[in-house]
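Colleague: If you read the protein sequences in the order shown, they are chains A and B.
Numbering-wise (our numbering), the first sequence opens with residue 227 and increments by one.
Numbering-wise (our numbering), the second sequence opens with residue 227 and increments by one.
Yeah, the Cβ is synthetic: ideal placement off N, Cα and C, and Gly gets one too.
2 protein chains.
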Amino acid sequence: MIRNSTDEIEVLIALMAKLPGLGPRSARRAVLHLIRKRALLLTPLADSMSEVALSARECLNCGNVGTSEICDICTDDRRANGELCVVEDVGDLWAMERAGVFKGRYHVLGGTLSALDAIGPEELRIPRLVDRVTAEAISEVILALNATIDGQTTAHYIADQLQDQVKLTTLAQGVPIGGELDYLDDGTITAAMRARKEI
Amino acid sequence: MIRNSTDEIEVLIALMAKLPGLGPRSARRAVLHLIRKRALLLTPLADSMSEVALSARECLNCGNVGTSEICDICTDDRRANGELCVVEDVGDLWAMERAGVFKGRYHVLGGTLSALDAIGPEELRIPRLVDRVTAEAISEVILALNATIDGQTTAHYIADQLQDQVKLTTLAQGVPIGGELDYLDDGTITAAMRARKEI
Chain A
227 MIRNSTDEIE VLIALMAKLP GLGPRSARRA VLHLIRKRAL LLTPLADSMS
277 EVALSARECL NCGNVGTSEI CDICTDDRRA NGELCVVEDV GDLWAMERAG
327 VFKGRYHVLG GTLSALDAIG PEELRIPRLV DRVTAEAISE VILALNATID
377 GQTTAHYIAD QLQDQVKLTT LAQGVPIGGE LDYLDDGTIT AAMRARKEI
Chain B
227 MIRNSTDEIE VLIALMAKLP GLGPRSARRA VLHLIRKRAL LLTPLADSMS
277 EVALSARECL NCGNVGTSEI CDICTDDRRA NGELCVVEDV GDLWAMERAG
327 VFKGRYHVLG GTLSALDAIG PEELRIPRLV DRVTAEAISE VILALNATID
377 GQTTAHYIAD QLQDQVKLTT LAQGVPIGGE LDYLDDGTIT AAMRARKEI
C-alpha cells in the first residue's frame, strides 16, 4: 500500500501533511491514529469537515468566520457598546474572545498592508471599517494589531484614516504575565520601562 | 461563534485537537487554515477521510493497513522470498518500506507483550506468526522490534516460540547515520563498541 501512490490512504496522508503544524511524518502518524479510531474519530471528523465546508462563511459585516451571513457577535445587541476592536486575523479575534475582556464588536482586516504583496486598504476591509465607525456609532476604535512592523504600519494607516472621527487606542505594551525579564527582547523592556506605572 | 459550543466549527476544532501532534491551539489554527482553503483542502480532506473510513482495513494475513482484505505486500509473489520481518506497528512497517532495504514480507504484531495491560501472545498475532512460518516456508524471521524493554521482551518471547524452526535475526544496534557520539546514550555506545567491525 505504501508503493501505490494512488491509494486512498496515501492521498489522505498527503492532504493531512498540508495542515499547519503537521509534516509528512506526523501526517502518517495522525492517519494511522485515525484508522485505528475509525468510529470514534475518523468518521466524525470526515462528517464534521463536510459540514464546515458547506456552512462556514465570513461575516459580511466584520470578517469573522462563522456559519451565518452575519456572525453571532455582530447580531448580539449587547455587544453594540460603541467599542470596535480591529484585529488582523480571525485567530486574533478568537484569542481576544478567549481572554473574555472585550465586550464590544470586532473588525477583522484579514492581513496587513503590504506594498510587496500588493495588499492595499481595499484588500483589508479598511473602507468598510471607516463606514462602520459612522454607521454603528462607534466611540472608540481599539487597534489590536500584532506588534510587528507590518501590523504597526497598518495601525498607523488606519489611525490616519479615522483621525478626529473617533477615539483611537492600542493595546498596552509591556512585560507579559509570567514573563521573565532575562528572556524578553530589548524592545519590550524599553516599552515597559517607558510606560511604567506608579504602584 | 466562539461562545456557542454546539457550533459546527467548534465541533471540528474539538475533533482535530484529538489528533496526535495537535493541541487545542494548533487545532484552531488548522481549522482556520482549512476554512480559508475550503476548495483546495477542506473538501478534499473530508472526502478522503470518508473514503478511508469506508475502505481502510487490516490485512488478514500480516496486520498491515490497506484497502483490501489481503494487503499489496502479501499478494505480491515477488516478496515471497522466505524472509519475514516482524514489527510492532504499521508505522514501523511504513518506516521499513521507506528505507526500501527489505524485499520480503511483514508481520505486524500491533504492540508488545505487557503483563500490566493484559496483552498476551494472542492479542499480538503471535500464534498467527508461528503458523505463517510453516505455511509460507519462511527461512528467516527478522525481529525488527523497537529497542525498548517491552520490544526486547517481546522479541525474546517470539524467539523462544520459533527456536530451531527458522533462522532468527534482529536489526544491528550501533551509531545511527549522522549521529554524534556526544549526543548518544551510553547503551548505544556500548552496543556499537561491542559490535565494532574491522574496516
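Any chance you could list the beta strand (DSSP E) runs of at least 3 consecutive residues sitting entirely within the region 351 to 404 of chain B, in chain order?
Modeller: DSSP runs (the beta strand (DSSP E)) wholly in the region 351 to 404 of chain B: 366 to 369 and 393 to 396.
Colleague: How long is the line joining the alpha carbons of A:E314 and A:R262, rounded to whole angstroms?
Modeller: In a straight line, the C-alpha of A:E314 is about 39 Å away from that of A:R262.
Colleague: To test your reading of the DSSP string, which unbroken alpha helix (DSSP H) runs of 4 or more residues are found completely within the region 260 to 329 of chain B?
Modeller: Qualifying alpha helix (DSSP H) stretches, in chain order: 269 to 281, 298 to 301 and 316 to 325.
Colleague: Should the region 272 to 281 of chain B be regarded as contacting the region 268 to 288 of chain A, the criterion being three or more beta carbon pairs within less than 8 Å?
Modeller: Yes, since at least three Cβ pairs between the region 272 to 281 of chain B and the region 268 to 288 of chain A fall closer than 8 Å, the two stretches touch.
Colleague: Pull out every residue of the region 324 to 353 of chain B whose Cβ sits closer than 7 Å to any Cβ of chain A, in chain order.
Modeller: Residues: none.
Colleague: Taking the continuous beta strand (DSSP E) assigned at A:R331, which residues delimit it?
Modeller: Residues R331 to V334.
Colleague: Of all Cβ atoms in chain B, is any one closer than 9 Å to the Cβ of A:V316?
Modeller: For A:V316, the answer is yes, since a Cβ of chain B falls inside 9 Å of its Cβ.
Colleague: Please confirm whether A:M227 has its beta-carbon closer than 9 Å to some beta-carbon of chain B.
Modeller: Bear in mind that the predicted position of A:M227 carries a pLDDT of just 43, short of 50, making it unreliable; the figure below should be weighed with that in mind. Yes - at least one Cβ of chain B is within 9 Å of the one on A:M227.
Colleague: Could one say the Cβ of B:V367 lies closer than 9 Å to chain A's Cβ atoms, at least one of them?
Modeller: Closer than 9 Å: no.
Colleague: Could you please give the first and the last residue of the uninterrupted alpha helix (DSSP H) stretch that includes B:A418?
Modeller: Run containing B:A418: D412 to R420, per the alpha helix (DSSP H) assignment.
Colleague: Tell me which residue opens and which closes the alpha helix (DSSP H) that A:I345 is part of.
Modeller: Note, A:I345: premise wrong, no alpha helix (DSSP H); not H, not E.
Colleague: Could you give the residue range of the alpha helix (DSSP H) that holds B:E424?
Modeller: Element bounds for B:E424: n/a, residue is neither H nor E.
Colleague: Can you tell which of A:V237, A:V312, A:S252 and A:D408 has the C-alpha that lies nearest to the C-alpha of B:A282?
Modeller: For the residues A:V237, A:V312, A:S252 and A:D408, the minimum Cα distance to B:A282 belongs to A:V237.
Colleague: Against chain B, does A:P402 count as a neighbour if the rule is that its beta carbon must be under 9 Å from one of theirs?
Modeller: Closer than 9 Å: no.
Colleague: Starting from the C-beta of A:T396, find all residues in its chain whose C-beta is less than 6 Å away, skip the five residues before and the five after it, and write them out in chain order.
Modeller: So the list reads L369, once near-sequence residues are dropped.
Colleague: Let me know the secondary structure DSSP gives B:E234 once reduced to three states.
Modeller: DSSP places B:E234 in helix when its eight states are reduced to three.
Colleague: Kindly list, in the order they appear in chain B, the residues whose Cβ is closer than 8 Å to that of A:R255.
Modeller: What A:R255 touches in chain B: P246, G247 and G317.
Colleague: Can you name, in chain order, every residue of its own chain whose Cβ lies under 8 Å from the Cβ of B:T380, other than the five neighbours on each side?
Modeller: Hits under 8 Å: E314, L335, T338, L339, L350 and L371.
Colleague: B:A240: beta carbon under 8 Å from a heavy atom of the ligand NAP?
Modeller: Ligands are entirely absent from the displayed structure, and the ligand NAP is therefore not among its contents.
Colleague: From the beta carbon of A:L241, is the nearest beta carbon of chain B less than 9 Å away?
Modeller: It does; some Cβ of chain B falls within 9 Å.
Colleague: If the criterion is Cβ atoms closer than 9 Å, does the pair B:G289 and B:V316 meet it?
Modeller: Result yes, Cβ atoms of B:G289 and B:V316 sit closer than 9 Å.
Colleague: Cα separation between B:V356 and B:N287?
Modeller: For B:V356 and B:N287, the distance between alpha carbons rounds to 12 Å.
Colleague: Rounded to whole angstroms, what's the CA-CA distance from B:H382 to B:L388? Just pull it up for me.
Modeller: C-alpha separation (whole angstroms): 10 Å.
Colleague: Starting from A:V291, find everything on chain B with Cβ-Cβ shorter than 8 Å and list it in chain order.
Modeller: Chain B residues near A:V291: M227, I235, L258 and I261.
Colleague: Could you tell me whether the region 299 to 313 of chain B touches the region 326 to 333 of chain B, where touching means 3 or more Cβ pairs closer than 8 Å?
Modeller: As far as the Cβ criterion goes, the region 299 to 313 of chain B touches the region 326 to 333 of chain B, which means the pair count is three or higher.
Colleague: So which residues on chain B does A:R264 lean against when the C-beta distance must stay under 9 Å?
Modeller: V278, A279 and A282, listed in chain order.
Colleague: Since B:L301 meets chain A, which of its residues come closer than 8 Å, beta carbon to beta carbon?
Modeller: The displayed chain sequence assigns Thr, not Leu, to residue 301 of chain B. Ordered by position in chain A, no residue passes the 8 Å Cβ test against B:T301, which lies about 11 Å from the chain.
Colleague: Whose Cβ in chain B lies nearer than 7 Å to the Cβ of A:T269?
Modeller: Those are A279, listed as they occur along chain B.
Colleague: Would A:A256 and B:P246 qualify as a contact pair, given that the criterion is a beta-carbon distance under 9 Å?
Modeller: For A:A256 and B:P246, yes; Cβs fall inside 9 Å.
Colleague: What does A:A272 touch in chain B if you count any residue whose Cβ is under 9 Å from its own?
Modeller: Result: L271, A272, D273, S274, M275, S276, E277, V278 and A279.
Colleague: State the DSSP-derived secondary structure class of B:L407, mapped to helix, strand or coil.
Modeller: B:L407 falls in the helix class under three-state DSSP.
Colleague: Is there a C-beta anywhere in chain B that falls below 9 Å from the one on A:L371?
Modeller: No, no contact with chain B.
Colleague: Roughly how many angstroms separate the alpha carbons of A:R358 and A:A398, rounded to a whole number?
Modeller: Cα to Cα, the separation comes out at about 24 Å.
Colleague: Using a Cβ-Cβ distance under 9 Å, would A:L286 count as near chain B?
Modeller: With 9 Å as the cut-off, A:L286 does not count as an interface residue toward chain B.
Colleague: Using three-state DSSP, classify A:A240 as helix, strand or coil.
Modeller: Helix.
Colleague: Figure out for me which residue from A:L310, A:D298 and A:L319 has the closest Cα to the Cα of B:L258.
Modeller: The shortest Cα separation from B:L258 among A:L310, A:D298 and A:L319 belongs to A:L319.
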